[in-house]
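Sequential numbering from 162 applies to the sequence shown in the working numbering.
Report on the structure given below.
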Amino acid sequence: MKKIIALALIVLFCGCAKNPSLTNKTLIEAQRLNVLEQPIIYPTQQPAEVTSAISVLQPGKETDWHKHMVPIHTYAIEGTYTMEFETDGGTQTRTFSKGDAWVGAADVWHNASNKTDQPAAVFVVFLGADGLENTINR
């Protein structure tokens, strides 16, 4: 049994090592502003909590309006997201596609939608704190 497991690990490692599409990539480096060009502010009054999730939007679907009370790091795994943000100046729209990374705006109402015919998925990391809700729905 140990020989089978060792052989399986060797085959898996060799397969990954030979895959040229797997490369190191910095997604965000020393980012100080969020997607709306606002300073990133971390919660400081409570113990830190980090939560992560993969969110999938099927074609034609949307998240509905919501906001995050903590900074979030988002990476588009697949497809294209169109995001609308409510700001003092009206609504701002941003489009993010596979491979894009951004820091979301905290305490800003927004709605993400998939206006394509393919599923879209993002990996989200909430940089939260004990007692704070990561997401509030309208």
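A virtual CB, placed ideally from N, CA and C, is assigned to each residue, including glycine.
> Would you call the stretch 205 to 225 and the stretch 258 to 266 in contact, with 3 or more CB pairs under 8 Å?
Replying inline: no
> Is it right to say ASN298 is buried, meaning 16 or more other beta carbons lie within 10 angstroms of its own, or is it exposed?
Replying inline: exposed
>> In this structure, how does DSSP classify PRO255 when only helix, strand and coil are distinguished?
In response: As written in the sequence, residue 255 is Arg, which differs from the Pro given in the question. Strand at ARG255.
>> Can you find the residues in the same chain that come closer than 7 Å, C-beta to C-beta, to GLN199, ignoring five residues on each side of it along the sequence?
In response: ALA266
> On the premise that ALA282 lies in contact with GLU223, defined as a C-beta separation below 8 Å, what is that separation, rounded to the nearest angstrom?
Replying inline: GLU223 to ALA282, Cβ: 14 Å. No contact.
>> As an exercise, report each continuous beta strand (DSSP E) stretch of at least 3 residues that is fully enclosed by the stretch 218 to 250, in chain order.
In response: 227 to 229, 233 to 239, 241 to 248
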